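Worksheet for the structure shown next.
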Amino acid sequence: MTDVNALLADFAEKEASPPVRGYWSSVANRLRYDYVTLFFLAVILLIVLISVFAPLLAPFDPTKSSMAYRMKPVGFRNFVLGTDELGRDMLSRLLWGGRTSLLMGLVPVALATFIGGILGVLAGFLGGWVNTAIMRTMDIFYAFPSVLLAVAISGTLGGGTKNGMVALTLVFIPSLCRVAESATTQVRGLDFVEAARASGASTLSIVQHHILGNVLGPVFIFASSLISVSILLGSGLSFLGLGVEPPTPDWGLMLSTLRSAIYVQPLVCALPGVAIFITSLSFNLVSDGLRQAMDVKA
Amino acid sequence: MWYYAARRVLMSIPIALGVSVICYALVLLAPGDPIQSLLPPDASPEDIVYLKKLYGFDKPIPIQYLLWLQRALSGDLGISLQTNRPVIVEVFSALSNTFVISVGAVLLAFTLAFILGTLAAYHLGKPTDRAVTAAAVVGVSIPNYWLGIVLVIIFAVKLGVLPATGMGSQGSAHFSIFEWAQLKYAVLPILTMALVPLGIIMRTTRSAVAEVLNNDFVQMLRAKGLGPLAILRHAVRNALPQVLTVMGLQLGYLVGGSILVETIFTWPGTGFLMSKAILTRDVPLLQGSILVLAMTFVTINLVVDLLQTAVDPRIKRA
Amino acid sequence: MPLDAAVMERPVKATVKAQPLVDVRDLSVKFVSRESTNSAVNGVTFDLMAGEVLCIIGESGSGKSVTMRALMKLLPPNRTKISGHMRVGAHDITKMSESDMRAIRGSQISMIFQEPMTALDPVYTIGDQIAETVMRHEHCSRAEATARALELLQLVRVPSPERRLKAYPHELSGGLRQRAMIAVALSCKPDLLLADEPTTALDATVQIQVLVLLRKLQQELGMAMIFVTHDLGVAAQIADKVAVMYAGRIVEYGRVSDVLMHPQHPYTLGMLASTVHGNMRGQEIEAIPGSPPDLRRPIQGCSFTPRCKFAVKDCLQASPPVVQLDNGQYAACIRAGKGAMPAAPQA
Amino acid sequence: MNATAPASAAITEQIDERDRGGKRQPMLIADKLKKYFPIRSGVLQRQVGEVKAVDEVSFAVLKGETLGIVGESGCGKSTLARLLMHLIPKDSGDLIFDGDPVGGVRGITLRELRRNMQMVFQDSYSSLNPRLPVQDSIAYGPRVHGMDYKDARKLAADLLDKVGLRAAMFGARYPHELSGGQKQRVNIARALALNPRMLILDEAVSALDKSVEAQVLNLLAHLKREFNLTYLFISHDLNVVQYISDRVLVMYLGQVVEIGPVDDIYNAPRHPYSRALLESRLSMDPAQRVIEPPISGDPPNPINPPSGCRFRTRCAFAEDICASSTPLLGAVSTQNHFVACHMASAGSGHSKAGLAH
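Chains as they are written, first to last, in the working numbering: chain A, 1 to 298; chain B, 299 to 616; chain C, 617 to 963; chain D, 964 to 1320.
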């Protein structure tokens, strides 16, 4: 009887053992079957490639204007997507314009994630007066609508890509800080952190081994959802004349300068907006997919 | 509850002070001499000396701030460099125009989003939900300044049924939403503005209601024999505080963030005013509008918070 | 309308004397997802007479809660496959539409849950939540329903019930919350009360109060009750009949005294042996080795075989036969009734 | 595991080279431990009351014994465990570990205390770091105390084997891939990783199914012998406490109401609360049903508890004296048995004082 038992027990144990898989590899595995996310990830990749290789891909010089070929419709001679109000080739300008949009989307979010994340983890883990000092300061910045704060900062600093990025970074820090803080506070109260403290570990070691791994997820998800906001806000600043300086091609700025021509070539005028929309939509959907893939109790 | 309300009001005072510090600091951040930015370029040296004294620029910065705050509290936000009228008058007349379109957008977006979001949550995973979710993603991904242009192309340029820009011949002083001749100027701005909050509130409502529907007590409600409508009533009532918070934030964003939409439609609100101020480097006007808008935002959040305590019995009333 | 009158006025059900109130035949529940199929309940058969208490005993994942939810059709329809027959009173549950089900949920079949904190809606008062059920099924005015709610709170022995009507769930202690939930469930005088571990989350001194109250109410109102628990002591306290579940099957069934004092299935025996009670200090507990099987994989033969100390080769061949004893007790084990089982431990 | 030796001997005969205070020196002495949590309210968040979670609690845990702590929710037993581990700061009171005061000038450091005394938490989703394989969770403590990576891994593997999980199969798994019982075994292995002399087990088997609970209880008895451990076992389950403990401490609303050898308390409880608690146990015999609950009502809120004896609001014997004066822990007839009840102290003024029950 015992040998049957031992055999069975061993068999059951082997059968019941699931494949050993870490959190991140299980996230990747879930993403593999999410075709919508994969598709839009490919779109983002394509946009990035186009922006990087714009000098090679663009048929014309994006800044070369021509009075003779102003406001030509889509498909006019060699101008596949027509020309703008100064006779510059739309296709070339659209290909080049992605560079600033991507930059405006990624750099402020990355900076804000870094700064806001550190501040939030500090506030959440240390608690007490450090938390009060950091979070109340953040509340003040939070008391501005994001568009207003971005416009206020870059409006007073003056236009330009660099100032725009500074403004957007400042806009995003408070919300990222809040997300990091609440995630940290939540993790800090869990039993395994108490157990780590009970084993005599130093604060730094606990943060490194037990807090960061559990806080990075939510912060990362939130940050990814901000990229699209950042692209929209960045283009919006350019639209107001606070971002990129002409004649640099930029989708927001193009939208603004073409506005006077909507009665002449409405389709051409709408094109930069389509580019912004596709980019921002792709980032949004990929962020949603990431959130779903990462949102598991594991 | 009254204790809580009083506490919440008290807590917004330091925030309001902080906001005023930032608004004041904006002028210091601006490149160049703050005096220069306050004065028209053709000001005489006597004027400069007079102004320096008047604004206390010869004193240390904290004192300057306090003086500025004192003036701001008494309603003196300086003089606009362009129109030479008091900033406060300019801002408040523009604010009423902004309210017209933002409140319109709020009513439109909030009702529609709340209904659609709840529907999606109830049909989680079904076609209704997918459609609503897709619409919401499109809503938050579309640049609304571009959508404004597209709407103008369709309704003003192609169809010619609605005016493209402006506020009509009556101007802001006699604007009435009850007359179509005037209201039609506000239609496109309202539609454009409503889109982003529509998407965001739809998402929030959907996830909040879906979360509530996942709770154990929904099983209990079903076990009591309640039908879908009664269960949704419970779910909505539970999700309300969370949705309310997001709605408050969105209302604030609409009032404070109308700058792009107003610029496209040359709607004479605070956003348009700011955009003009930026173009002409009219710093007192810019600073004044930012201050007023941020304070409006703080006030809206305060009101929403208080409303929330009124609808949520779980918040301690001690 | 006073409560007792309400009970009296209720039309007498057209049930033949010997017919059981609940009749479940060969019930199976499968949870289907893209990756796997989980056979939570595999061919459960039992019946229950009016006015009786049946305890379903089992550990987590044994399918005891799923069986109850199937009986009330509370499982998500698009992810569950239910087969078999279920009848309660005159109602054929298996064939009933959702809207017909709604009419009998809360009126003829009620349910109470483990965690009153999460099972009550946090933003409605206790009074509202009781009155809501009354209004739903008896179509009376709010005032009448509230009056009934007050009576119900008195019935479940809630002190100062007028004040408690206006209280929110978070303002009550654990014991009072559970009483409030019982009041909700009893508000329309059900024939059958389903209780899903209603005392597990309570303190010992409160648990015994609720158990005694439930037993009293059940007898006073003459309703039948199915009570799910993992605690043998709770079953001993409240049950008339006991069904022991393992891996989605009822492995043993019978009168509570027979099953707990003279178990016929090795699993029941193992459960009794591994429950510490009385003075067992210093002795090694006879724990059941291993853990329950994964219900996502098909099981051939008796699912308890890998953990059973009496296992023989035949156990793996086919599902064990159900052996019926003279006292109505039955067990799904090839050894059942052969008297080879060691004596049950003394309580 | 074999069942040869009895699970617990009052004082172990083995010689432990870590012993400093001698065999008769208690492993741990808690002296008047106190922890109040303030309740703030009002516009200015002034303190309006306090939760008296642990109120002047004193007891000793002898070397090699298991002290069981029982009580209902809100009685402060988990707060007490965290106070002992210094996971939350105490308001006042002293802790003496093997003769050395903790944190004093002459005493042992907090770090040393934590190496010698470890805690096992209730099994829940939060007891193990979801992002770490369980062997790394176990190896973390020794790594903190300076062990190199390879040795710590090796130790973790040994400990996994010791708690009945094959290291080769389970070591690399993440917590979500383990069942409740397996996770609790990992928690125990983690607590043992620093080679402690004492374990605090806070509701360590409460969330487990009965068959798994039995397995873990057997494991605990086995490990106690193998590692010469002292246990402080906190639970609300009276049967489990009786099974595992040598002595039992009964808590009610932050205070000790009775403490003594397990048989004395289970056979002849002297405090009305202990009696009610024991009478609330459910018999396994359907013929012995409880018809009348031994006590009514829920345990009161620990915010601003009743004056005098905290149990008087639910006590059938309460008299005026119970409201006006707080009963102190006093010895009763048998050795080492103490109870805080006016009825047990002659001359307290209670009409039943001095009478035998």
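Using N, Cα and C, we set each Cβ at its ideal position, and we do this for glycine too. These figures come from a predicted structure and were not determined experimentally.
Residue range of the unbroken beta strand (DSSP E) whose run includes residue i
i: GLU1013 of chain D; result: 1009-1024
i: ALA306 of chain A; result: Residue 306 of chain A lies beyond the stretch modelled for chain A, which goes from 1 to 298, so this question has no answer here.
i: ARG871 of chain C; result: 865-871
i: THR845 of chain C; result: 840-845
i: CYS321 of chain B; result: No beta strand (DSSP E) holds CYS321 of chain B; the alpha helix (DSSP H) holding it covers 300-327.
i: ALA948 of chain C; result: 946-948
Given residue i as reference, the closest of the options once Cα atoms are compared
i: PHE647 of chain C; options: C:GLY864, C:MET877 and C:LYS832; result: C:GLY864
i: LEU216 of chain A; options: A:GLY243, A:LEU106, A:GLU181 and A:GLU194; result: A:GLU181
i: SER228 of chain A; options: A:LEU157, A:GLY98 and A:GLY105; result: A:GLY105
i: ALA323 of chain B; options: B:GLY458, B:LEU364, B:GLN540 and B:GLU388; result: B:LEU364
i: VAL822 of chain C; options: C:TYR869, C:SER803 and C:LEU792; result: C:LEU792
i: LEU410 of chain B; options: B:ARG383, B:ILE498 and B:SER439; result: B:ILE498
i: GLN362 of chain B; options: B:VAL389, B:GLU344, B:SER318 and B:ILE386; result: B:SER318
i: VAL1220 of chain D; options: D:SER1004, D:ASP1111, D:GLY1039 and D:ARG987; result: D:GLY1039
i: PHE1000 of chain D; options: D:SER1055, D:LEU1025 and D:GLY1034; result: D:SER1055
i: THR381 of chain B; options: B:GLN585, B:ALA575, B:PHE595 and B:ALA592; result: B:ALA575
i: LYS1173 of chain D; options: C:ARG951, C:ARG779, C:LEU848 and C:ARG685; result: C:LEU848
i: LEU255 of chain A; options: A:GLN265, A:TYR263, A:PHE239 and A:PRO247; result: A:PHE239
Rounded Cβ spacing between residue i and residue j (contact assumed at less than 8 Å)
i: VAL1179 of chain D; j: VAL892 of chain C; result: The pair is not a contact, with the Cβ atoms about 11 Å apart (cut-off 8 Å).
i: LEU1171 of chain D; j: ILE1032 of chain D; result: About 19 Å separates the two Cβ atoms, so there is no contact after all.
i: ILE1163 of chain D; j: MET1048 of chain D; result: 6 Å
i: ILE1207 of chain D; j: THR1029 of chain D; result: 5 Å
i: ALA392 of chain B; j: LEU571 of chain B; result: 5 Å
i: MET90 of chain A; j: GLY98 of chain A; result: Actually they are not in contact, since the Cβ atoms of MET90 of chain A and GLY98 of chain A sit about 13 Å apart, beyond 8 Å.
Residue range of the alpha helix (DSSP H) that includes residue i
i: ASN955 of chain D; result: In the structure as shown, chain D begins at 964 and stops at 1320. Residue 955 of chain D is therefore absent and cannot be evaluated.
i: LEU1099 of chain D; result: As written in the sequence, residue 1099 of chain D is Asp, which differs from the Leu given in the question. First-last of the alpha helix (DSSP H) with ASP1099 of chain D: 1097-1107.
i: PHE515 of chain B; result: 514-521
i: ALA93 of chain A; result: The sequence shown places Arg at residue 93 of chain A, not Ala. It spans 90-126 - the alpha helix (DSSP H) in which ARG93 of chain A sits, taken as one unbroken run.
i: LYS1146 of chain D; result: 1143-1155
Reduced DSSP category for residue i - H, G, I as helix; E, B as strand; rest coil
i: ASP580 of chain B; result: coil
i: ALA656 of chain C; result: strand
i: VAL623 of chain C; result: Low confidence applies to VAL623 of chain C: its pLDDT is 43, below 50, so where it sits in the model is not reliable enough to give any reading.
i: HIS701 of chain C; result: strand
i: TYR263 of chain A; result: coil
i: GLY917 of chain C; result: coil
i: ARG1210 of chain D; result: strand
i: VAL928 of chain C; result: coil
i: CYS1038 of chain D; result: coil
i: VAL938 of chain C; result: strand
i: LEU7 of chain A; result: Legend: pLDDT at LEU7 of chain A = 38, less than 50; position of this residue unreliable, no value from coordinates given.
i: MET165 of chain A; result: helix
i: THR568 of chain B; result: helix
Near the ligand NAP: residue i beta-carbon under 7 Å from a heavy atom
i: ASP1248 of chain D; result: For the structure depicted, the ligand NAP is absent and the ligand set is empty, with no information on it obtainable.
Check your understanding: What residues in the segment 778-800 of chain C have a beta carbon less than 8 Å from any beta carbon of chain B?
Key -> TYR784, HIS786, MET797 and VAL800
Check your understanding: Listed from N- to C-terminal order along the chain, which residues in the segment 127-157 of chain A have their beta-carbon within a distance smaller than 8 Å of any beta-carbon of chain B?
Key -> ARG136, THR137, ASP139, ILE140, PHE141, ALA143, PHE144, PRO145, SER146, VAL147, LEU148, VAL151, ALA152, ILE153, GLY155, THR156 and LEU157
Practice item. Can you give me, in chain order, the residues of the segment 194-210 of chain A that have a beta carbon less than 8 Å from any beta carbon in chain D? Key: GLU194, ALA195, ALA196, ARG197, ALA198, SER199, GLY200, ALA201, SER202, SER205, HIS209 and HIS210
Check your understanding: Any residues in the segment 1152-1184 of chain D with a beta carbon nearer than 8 Å to a beta carbon of chain C? Which ones, in chain order?
Key -> ASP1172, LYS1173, SER1174, VAL1175, GLU1176, ALA1177, GLN1178, LEU1180, ASN1181 and ALA1184
**Study point:** Contact list for the segment 176-192 of chain A against chain D, Cβ threshold 7 Å
**Key:** LEU190, ASP191 and PHE192
Point to revise | Near-chain C residues of the segment 1193-1214 of chain D - C-beta to any C-beta below 9 Å | key: HIS1199, ASP1200, LEU1201, ASN1202, VAL1203, GLN1205, TYR1206, ILE1207, SER1208 and ASP1209
Check your understanding: What residues in the segment 255-266 of chain A have a beta carbon less than 9 Å from any beta carbon of chain B?
Key -> LEU255, SER256, LEU258, ARG259, ILE262, TYR263 and PRO266
**Study point:** Short-range partners of chain A found in the segment 1078-1089 of chain D, where Cβ spacing is below 8 Å
**Key:** ARG1078, GLN1081, MET1082, PHE1084, GLN1085, SER1087, TYR1088 and SER1089
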